[in-house]
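Protein chains in written order, with the working numbering: chain A, 8 to 382; chain B, 18 to 109.
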């Protein structure tokens, strides 16, 4: 694994905008950064792919145990929603996608930092933008990336079960979310689905028929929502979820998989896995990172080294609850810390996106850097 | 990982459809400079976080507003409250 400095394409802004990446320079700060790339050998990619696949299987095993042992309280699932989660899991309601964040130094095993299993973004960058970047640089170049094809296949599989239209929703006014949802809608359309976009705030409730409706009053039979479950169920329309016949993508069981309470339970069940760091619901010996169980985009992370807080990020999750995870081995590449975003689509590891930061915590301004794979 | 060979096609992204209206707002900082009262909204549009404190109680959610008369009069806005509070969007 190496980090190479490169000359950006002369018209790179236009090139990435051509395939939808309109948020490449938010507030004048680069987010898409092709002044460098990461280069992996095929054997390294094989290692990342295998780790991702095994981690996904282990995560599902933990969720199965959590449900059988009725430990949903550890995930702060309100009691009245537990049945929804359990039924969703027992029915194996289909999931489309998720993204593991992995620490990897180029040697040893990649280790899990967290699983963004409900509303992952940085998808267009990974699936599309970095692929076209590679083809512009080297038509023969290669990359660990079949995310786009896998997404279309996942929607096709879903369509065989239920061909009814799908609504897609994201929060209004958030460019990155909107583009992500439109990209997913693009892949669903290519799979043959009729689709419709609306803002999350525009979802209506038809009380007479007991169903969610779109702006035209049409029933929302299946909804892809780029809006986390832990928020949905706590909002004014949250209780309606229990009554409505709407099917959800991602499904309700993903509210367990996307919660950081998963991390101590993974360690509890698979203490010898090379991919899983020691973690607990209380402070652990040695150097560790404290994470709120529902934090997003690197908020309210605290790094404790030698018993002292050496780094902390701001955010709204000051009250916790928290989990404590052993500080991962990290390595600087040209002064930057890369985190691997390893994608899973329909349960299969299928691609990679890398974000890097000057600090050891990846947050909402960390840059996306493309990658290539060599023999 | 076998070698990738792909013909990647987009039917929605990259078309004029996407860029025509949705992004017709000024840059966040320009909005703020023109009218500081708008800065919070402008920040929300981009990738920043606000200062709200979020604490999820293990107990239940608020009851919803009463059911509407039908689809035409369907109440809306029952989702999105926490997201607007958080200011960074729903993605992760």
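For each residue, glycine too, the CB sits at the ideal point set by N, CA and C.
| message | Given a cut-off of 8 angstroms on the beta-carbon distance, is the pair residue 334 of chain A and residue 282 of chain A in contact? | response | In this structure, residue 334 of chain A lies away from residue 282 of chain A, with their beta-carbon atoms at least 8 angstroms apart.
| query | Nearest CA to the CA of residue 380 of chain A: which residue from A:360, A:238, A:81 and A:103? | reply | Closest by alpha carbon: A:360.
| Proximity below 8 angstroms, CB of residue 23 of chain A to CB of residue 157 of chain A | In this structure, residue 23 of chain A keeps its C-beta atom at 8 angstroms or more from the C-beta atom of residue 157 of chain A.
| task | Would you check if the region 249–263 of chain A and the region 295–306 of chain A touch, i.e. whether three or more CB-CB distances between them fall below 8 angstroms? | result | As far as the Cβ criterion goes, the region 295–306 of chain A does not touch the region 249–263 of chain A, which means the pair count is below three.
| task | Using a Cβ-Cβ cut-off of less than 8 angstroms, list which residues of the region 194–209 of chain A approach chain B; keep chain order. | result | Hits within the stretch, in order: 196, 197, 206, 207, 208 and 209.
| query | CA-CA distance, residue 362 of chain A and residue 129 of chain A? | reply | Each residue's Cα considered, the two are about 9 angstroms apart.
| request: May I ask you to list, following chain order, the residues of the region 153–183 of chain A that have a beta carbon less than 7 angstroms from some beta carbon of chain B? | output: Answer in chain order: 153, 155, 156, 177, 178, 180, 181, 182 and 183.
| Is the distance from the Cβ of residue 376 of chain A to the Cβ of residue 43 of chain A below 8 angstroms? | Contact annotation: residue 376 of chain A and residue 43 of chain A have beta-carbon atoms nearer than 8 angstroms.
| query | Can you find a CB in chain B that lies within less than 8 angstroms of the CB of residue 15 of chain A? | reply | Not one chain B Cβ lies under 8 angstroms of residue 15 of chain A.
| Any C-beta of chain D under 8 angstroms from that of residue 323 of chain A | The structure shown contains no chain D; its protein chains are A and B.
| said: Please report the straight-line C-alpha distance between residue 314 of chain A and residue 320 of chain A, rounded to a whole angstrom. | reply: When rounded, the separation of the alpha-carbon atoms in residue 314 of chain A and residue 320 of chain A is 17 angstroms.
| field | Enclosing beta strand (DSSP E) for residue 138 of chain A [first to last residue] | value | Secondary structure note for residue 138 of chain A: it is in no beta strand (DSSP E), and the uninterrupted alpha helix (DSSP H) holding it is 137–144.
| query | How many angstroms separate the CA atom of residue 113 of chain A from the CA atom of residue 51 of chain A? | reply | The straight-line gap from Cα to Cα measures roughly 7 angstroms.
| task | Flag residue 244 of chain A as yes if its beta-carbon sits less than 8 angstroms from any beta-carbon of chain B, otherwise no. | result | Put simply, the CB of residue 244 of chain A is near chain B, with a gap under 8 angstroms to one of its CB atoms.
| query | Nearest to residue 23 of chain B by CA position, among A:350, A:46, A:134 and A:278, is which residue? | reply | Nearest of A:350, A:46, A:134 and A:278 to residue 23 of chain B, Cα basis: A:134.
| query | Using a Cβ cut-off of 7 angstroms, which residues of the region 219–238 of chain A contact any Cβ in chain B, in chain order? | reply | For the region 219–238 of chain A, which is checked against every Cβ of chain B, the residues closer than 7 angstroms are 220, 224, 233, 234, 235, 237 and 238.
| Whose C-beta lies closer than 6 angstroms to the C-beta of residue 367 of chain A among residues of the same chain, with five residues either side of it excluded? | So the qualifying residues of the chain are 337 and 344.
| field | Within-8 angstroms CB hit, residue 19 of chain A to chain B | value | Chain B contact via Cβ: absent.
| said: By alpha-carbon positions, which one of A:286, A:249 and A:188 ends up nearest to residue 90 of chain A? | reply: Looking only at A:286, A:249 and A:188, the smallest Cα-Cα distance to residue 90 of chain A is reached by A:249.
| message | Could you tell me the alpha carbon to alpha carbon distance between residue 108 of chain B and residue 33 of chain A, rounded to whole angstroms? | response | Near 16 angstroms, if we compare the C-alpha coordinates of residue 33 of chain A and residue 108 of chain B.
| query | First and last residue of the alpha helix (DSSP H) that includes residue 328 of chain A? | reply | In the DSSP assignment, residue 328 of chain A falls outside any alpha helix (DSSP H), carrying neither H nor E.
| For residue 223 of chain A, the three-state DSSP class (helix, strand or coil) | In the three-state scheme derived from DSSP, where H, G and I count as helix and E and B as strand, residue 223 of chain A is classed as coil.
| query | Going along chain B, which residues have a C-beta under 9 angstroms from residue 96 of chain A? | reply | Those do not exist, as residue 96 of chain A stays about 20 angstroms from chain B at its closest Cβ, beyond 9 angstroms.
| Considering residue 381 of chain A, what are the terminal residues of the beta strand (DSSP E) in which it resides? | Its beta strand (DSSP E) spans residues 378–381.
| query | Secondary structure at residue 58 of chain A, three-state DSSP: helix, strand or coil? | reply | Residue 58 of chain A: helix per DSSP, three-state reduction.
| query | Where do the ends of the alpha helix (DSSP H) carrying residue 406 of chain A lie? | reply | Within the shown structure, residues of chain A are numbered from 8 to 382, placing residue 406 of chain A beyond reach of any answer.
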